[in-house]
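Asker: Residue numbers for the sequence shown follow our numbering, so the first one is 625 and each next one is one higher.
Built from N, CA and C at the ideal position, the CB exists for glycine as well.
Here it is, the structure in full.
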Amino acid sequence: DMRDATFFIPYPDLEEINFAANGAPEQVQGFYGISGLMSPTAPTYLLSYHEIEFLKAEAYARQGGASDEAKTAFVNGITAAFAKVGMSIDSTFDAYIVDEALPLFNANPVKEVMVQKYLSFFESEAVEAYNDIRRMKAMGENFITLDNPNNTTKFPLRFTYGADDVTTNLNIAAAYGNGQYVYSENVWWAGGTR
């Protein structure tokens, strides 16, 4: 994907980006690529412009397939997502839209809206991506493929307590054990008991 060079940078003193294998990365320091986006001064997005455009594109696509309104919102969402991370909106971007994104959109509008939305959420809007995956699964739509082998049987159904909460508060540890319940017990509003 043309976003790789913006989203990831090589670890300092290395010339190429090294990606960890999904599911069982080797524990090594000073080797894997690091974020090209995150910094201590990076903004926190509650609702970004590209998210709004993807929400519109999804709604239009669900109502009328690859309609002009859906397509416009879809392209606006991708454009805003690229601009958000400082990528150029140039002939390479135009070729990406025409040659890659739009053919996939025309074949399955809702799926491609959700895939592009997922990509646009990288790092700064991960909770929204997680919520979308859960929403899609609830609707029987598996548009996003998670390649981590643990995700076939261990997709979290809820957030766990943080390590500090569990280690410093014995009541939490007693009530929630080792945290594996996040893979098997729904939250209360989805039929869970805790």
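Please name the residue in Asn700, Thr668, Tyr669, Thr665 whose C-alpha comes closest to that of Glu682.
Answerer: Asn700
Asker: Report, in whole angstroms, the separation of the C-beta atoms of Pro733 and Ala705, which I expect to be a contact under 8 Å.
Answerer: About 17 Å; that fails the 8 Å criterion.
Asker: With a 10 Å radius around its C-beta and 16 neighbouring C-beta atoms as the bar for buried, classify Ala685 as buried or exposed.
Answerer: buried
Asker: Mind checking which residues open and close the alpha helix (DSSP H) that includes Gln740?
Answerer: Under the DSSP assignment, Gln740 falls in the alpha helix (DSSP H) whose first and last residues are 733-744.
Asker: I'd like to confirm the pairing. Which residues does DSSP put opposite Ile702 in its beta bridges?
Answerer: Answer by DSSP bridge pairing: none, since Ile702 is not bridged.
Asker: Tell me the residue span of the alpha helix (DSSP H) that contains Ala629.
Answerer: Annotation for Ala629: the continuous alpha helix (DSSP H) segment containing it runs 628-631.
Asker: Please report the straight-line C-alpha distance between Gly803 and Tyr656, rounded to a whole angstrom.
Answerer: 28 Å
Asker: Go ahead and pull the three-state DSSP assignment for Arg818.
Answerer: If DSSP states are grouped into helix, strand and coil, Arg818 belongs with coil.
Asker: When burial is assigned at 16 or more other CB atoms within 10 Å of the CB, is Phe783 buried or exposed?
Answerer: exposed
Asker: Compute the distance between the beta-carbons of Glu749 and Glu675, then report whether it is under 8 Å.
Answerer: yes
Asker: The alpha helix (DSSP H) spanning Glu752 covers which residue range?
Answerer: 750-762
Asker: Exposed or buried, which one is Asp771 when buried takes at least 16 other CB atoms within 10 Å?
Answerer: exposed
Asker: With C-beta atoms as the reference, is Phe745 less than 8 Å away from Glu752?
Answerer: Yes. Within cutoff.
Asker: Which residue marks the beginning of the alpha helix (DSSP H) containing Gly688, and which one marks its end?
Answerer: 673-688
Asker: Among residues of its own chain, excluding the 5 on either side of Asn642, which ones have a beta-carbon nearer than 7 Å to its beta-carbon?
Answerer: Residues Phe655, Tyr656, Gly657 of the same chain have their beta carbon placed closer than 7 Å to that of Asn642, with the five preceding and five following residues left out of the count.
Asker: Give the DSSP-derived three-state secondary structure of Phe717 in the structure shown.
Answerer: helix
Asker: Under the rule that 16 or more other beta-carbon atoms within 10 Å means buried, what is Gln687, buried or exposed?
Answerer: exposed
Asker: Can you have a look at Gln653 and say buried or exposed, based on whether 16 or more other CB atoms are within 10 angstroms of its CB?
Answerer: exposed
Asker: Determine the burial state of Gln651: buried for a count of at least 16 other Cβ atoms within 10 Å of its Cβ, exposed for fewer.
Answerer: Under this definition Gln651 is an exposed residue.
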